[in-house]
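Following: one structure in structure tokens, then a few remarks.
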Amino acid sequence: IAEVTGVQTCALPICCTPSVRTLQLLVERGAQQQNKEGAGKVLLASHPKTLPQLELPEMQHAPAEAEELSKFFADHGVAVEKMVGEELGVRPLLTKLLEQQPGWVHITAHGKPKCLALAPAMAEAEAEEAAPEAFDDGLLGLEALLTVFLTASPTVVLTGNHTFAGELMEDGVCALPRSWMAAGARSVVCNLWAAPDESMKLLSADFYRLHMAEKMPQAAALRQAILNLRQAEGGKFSHPIYWAGFMLLGQ
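Counted the way my numbering counts, the sequence shown spans residues 1381 to 1631.
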């Protein structure tokens, strides 16, 4: 830990694991790399239209983030599959993950304890009795993620509030990143608390640039993106609330 402009910050890149058991799983997978087919694909899911009862903050900068990232990925030869607004529900997302098997998954959505808030699926009243599965509340929980296996070993980036929200268990923290890794993800970038979405937009864009364009390892790219964010726009985002909650889990 080093002091930079009066704030304690990590002097070295850091990646974490939510539990010893998850660490063991990652070690057993060894140096498995993303397969060549999946590495050239990204599933970009952004600003779902969630239930108003959840009272989640609006993501004002998410549409611009989705457009800018789509252009960035396309410029770097990565095929983009985009899901936004009402189409970003639990079942459609899981279906896309299984069908596309992307090497990158970027989701801009807020977290709740042990789930991610997506768009609900509302069944027609007359059809609900015949097909109750046609309705869901839009909450992507831990169990749903465990129904898929991600063969491309993707990196998953969750830019939203509380995307590491979970429960402390006897062997570590039970939260969404742990389920993503159990489903096959090699690494997960997530946020420990609520941060303004403008800072999340800048941080994620810089992370991708540093890792994909400048070939930095993911942990080093996240650390440098955080340092760059703190200096951006004359120090507008220097307070730890904007950057200190972001962490990388996995390889």
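Just so it is clear, CB atoms sit at the ideal spot from N, CA and C, and this is done for glycine as well. Remember, it's a predicted structure, so these values are computed and weren't measured experimentally.
Assignment of alpha helix (DSSP H) within the stretch 1452 to 1531, counting only whole runs of 4 or more residues, yields 1470 to 1480, 1505 to 1508 and 1522 to 1525 in chain order. In chain order, S1426, H1427 and V1464 place their CB closer than 8 angstroms to the CB of P1443, counting only its own chain and leaving out the 5 sequence neighbours on each side.
Here DSSP, grouped into helix, strand and coil, assigns G1630 to strand.
When the beta-carbon positions are compared, A1499 and L1525 stay at least 7 angstroms from each other.
A1497 is positioned such that its CB atom lies no closer than 7 angstroms to that of L1405. E1578 carries a helical assignment under DSSP once its states are collapsed to helix, strand and coil. With contact defined as three or more Cβ pairs closer than 8 angstroms, the stretch 1610 to 1630 and the stretch 1470 to 1488 are not in contact. Following the DSSP letters along the chain, one finds A1600 inside the alpha helix (DSSP H) bounded by residues Q1598 to Q1611. Going by C-alpha positions, M1549 is about 43 angstroms away from D1455. Straight through space, the alpha carbons of V1422 and L1520 are spaced by roughly 19 angstroms. G1457 is classed as exposed because its beta carbon has fewer than 16 other beta carbons within 10 Å across all chains shown. Taking D1586 as the centre and dropping the five residues before and after it, the same chain places the C-beta of A1605 and N1608 closer than 6 angstroms to its C-beta, in chain order.
Taking the Cβ atoms as the reference, W1573 lies roughly 5 angstroms from G1625, within the contact range of under 8 angstroms. In this structure, the straight-line span from the alpha carbon of Q1433 to that of G1491 is close to 14 angstroms.
Between A1601 and L1590, the gap from beta carbon to beta carbon is short of 7 angstroms. Counting along the chain, no beta strand (DSSP E) covers A1391, and no H or E run does either.
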